[in-house]
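Okay, structure first, notes after.
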Amino acid sequence: MISLKENRKNMNILITFFSATGNTKKIADVIHKNLCDSNFSVTMVDITSFFSRKKEIQIDQYDAIVFGFPIYSMRAPRVCREWLQTLDGKGMNCSVFFTYGGFGKDPAHYFIKRLLEKQNFNVVSTAEFLGAHTFNHSGWKAVMDRPNQLDFKVAEEYISKTVRRFLGDDLNELGDFDKPIYEENLFDKAEKYRFGLITKLPTRDSKDCSMCGLCEKLCPVNAMDMKKGIADNRCIACFRCIANCPDGVLHTNDLSNSWDKKLEMHKMTEEEVNDLESKIYL
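Residue numbers (full-length UniProt numbering): 1 to 282.
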């Protein structure tokens, strides 16, 4: 592994991300372009699909890693956390950015930093970016037009500051995040919350399906059966199949009635949710 203070052209950075509905990929693309424009050697690896996470990544060939995940129920998705547990950072510098739909993001930074440190990574920064909520595909209206140019500008600032730490130009360290007041098993239970709302898993409800098989191919947990046109109980409600269906024939039950209840639960208005800003943590 090269010294982090050598020429940036010799520094090899990996960006790896999970992006079911495209929000996290949009931020990853901005980061990728910024790094390439700054003459870094950059590799992008999308771990969203089921089989992509089965492929071993030789992380020893990289000098630093940027991880990108959505936030599901206040943490990175379980499939991402399980995948991270297969890695050994061996002291490598890394950073993590999240995308989220406006609710329940605070413990995510604490949990991901703790997990990555357990896997022998040195987390130098984290960030969070607003992105249209997954449930917008079924009737919600949470930050529908995000990420936008303002978020992309924060992404550029985030990677610029993160790179200074990768290179050793900024020797400051990321501080600790507040430990959640709730026991971790309660967050495990919170993961099931979405299935209290979703009473019908993604299902084909039209004869207009072209049987392209994209839903089955893209499913992160191998839950979708193209022939039957329905996801089984392995489904994590990421809605990747719905978001990417070229025929628009996959749907869940209508969630629009729960939108106002969600706002009430968080004591926020729709305008307040839409006005949330992306943040960097250094």
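Beta carbons are placed, not taken as given, at the ideal position from N, Cα and C, and that holds for glycine.
Who pairs with residue i in a beta bridge, going by DSSP?
i      : result
LYS279 : GLU128
VAL66  : ILE15 and SER95
TYR72  : ARG75
TYR100 : LEU130
ASP225 : ILE230
LEU250 : ARG204
VAL123 : CYS94
Can you tell me which of the options puts its alpha carbon nearest to the alpha carbon of residue i?
i      : options                           : result
LEU96  : ASP88, GLU82, THR24 and ARG53     : A quick correction: the sequence has Val, not Leu, at residue 96. The option with the nearest alpha carbon to VAL96 is THR24.
ALA64  : MET144, ILE13 and PHE103          : ILE13
ASN148 : SER278, PHE17 and VAL221          : SER278
ASP205 : LEU167, LYS228, MET226 and VAL249 : VAL249
GLN85  : PRO107, GLY101, HIS109 and LEU115 : LEU115
ALA132 : ALA243, ARG146 and ILE47          : ARG146
ASN185 : CYS241, MET74, THR48 and MET92    : MET74
VAL221 : TRP83, ILE57 and GLN61            : TRP83
SER256 : PHE67, THR48 and ASN136           : ASN136
THR269 : ASN120, HIS109 and LYS141         : LYS141
GLY168 : PHE239, PHE18 and ASN122          : ASN122
SER125 : PRO246, LYS33 and ASN172          : ASN172
GLY89  : LEU174, ASN120 and ASP188         : ASN120
SER210 : GLY196, CYS245 and CYS219         : CYS245
LEU130 : THR21, CYS241 and ASN253          : THR21
LEU276 : TYR182, ILE57 and PHE103          : PHE103
In whole angstroms, what is the alpha-carbon distance linking residue i and residue j?
i      : j      : result
SER45  : ILE15  : The sequence given here places Val at residue 45; Ser does not occur at that position. Taking the straight line joining both Cα atoms gives about 6 Å.
LYS192 : THR199 : 12 Å
LYS217 : MET224 : 8 Å
LYS261 : PRO202 : 22 Å
LYS227 : ASP176 : 48 Å
VAL79  : ALA190 : 15 Å
PHE111 : LYS207 : 43 Å
LEU87  : HIS251 : 35 Å
ASN93  : VAL66  : 9 Å
GLU6   : ASN39  : The pLDDT assigned to GLU6 is 49, lower than 50, so where the model puts this residue is not dependable, and the model offers no usable value.
ARG234 : SER49  : 14 Å
ILE230 : ASN10  : 47 Å
LYS118 : ALA76  : 15 Å
ILE47  : CYS36  : 21 Å
LEU197 : CYS219 : 20 Å
Can you tell me which of the three DSSP states residue i falls into?
i      : result
MET44  : strand
LEU263 : helix
LEU203 : Reading the sequence as shown, one finds Thr at residue 203 and not Leu. Note: THR203 maps to strand in three-state DSSP.
VAL163 : helix
ASN136 : helix
TYR182 : coil
LEU236 : Note that residue 236 corresponds to Ile in the displayed sequence, not to Leu. Three-state DSSP puts ILE236 in coil, outside helix and strand.
ASN257 : helix
THR21  : coil
GLN58  : coil
GLN85  : coil
ARG146 : coil
GLU173 : coil
PHE50  : coil
Within a Cβ cutoff of 7 Å, which residues of the same chain sit near residue i, ignoring the five residues on either side of it in sequence?
i      : result
ASN274 : VAL143
VAL30  : PHE152, ALA155 and GLU156
LYS26  : PRO147
Within the same chain, show all residues whose beta-carbon is closer than 6 Å to that of residue i, passing over the 5 residues directly before and after it, in chain order.
i      : result
ASP170 : ARG164
TYR158 : ALA127 and ILE280
ILE236 : VAL221
PRO107 : MET74 and PRO180
ILE71  : PHE98, TYR100, LYS105 and ALA108
SER19  : LYS25 and THR48
Could you pull out every residue in the same chain whose Cβ sits closer than 8 Å to the Cβ of residue i, ignoring the five residues on either side in sequence?
i           : result
GLY213      : MET226
SER41       : LYS9, ASN10, MET11, ASN12 and ILE13
residue 289 : The question about residue 289 has no answer here: the residues shown for the chain are numbered 1 through 282.
Compare the C-beta of residue i with all C-beta atoms of chain B and state if any pair is closer than 9 Å.
i      : result
THR134 : Of the chains in the structure shown, none is chain B; there is only one protein chain.
Relative to the ligand FAD, is the shortest distance from any of its heavy atoms to the C-beta of residue i smaller than 8 Å?
i      : result
GLY168 : The ligand FAD is not among the ligands present in this structure, which contains no ligands whatsoever.
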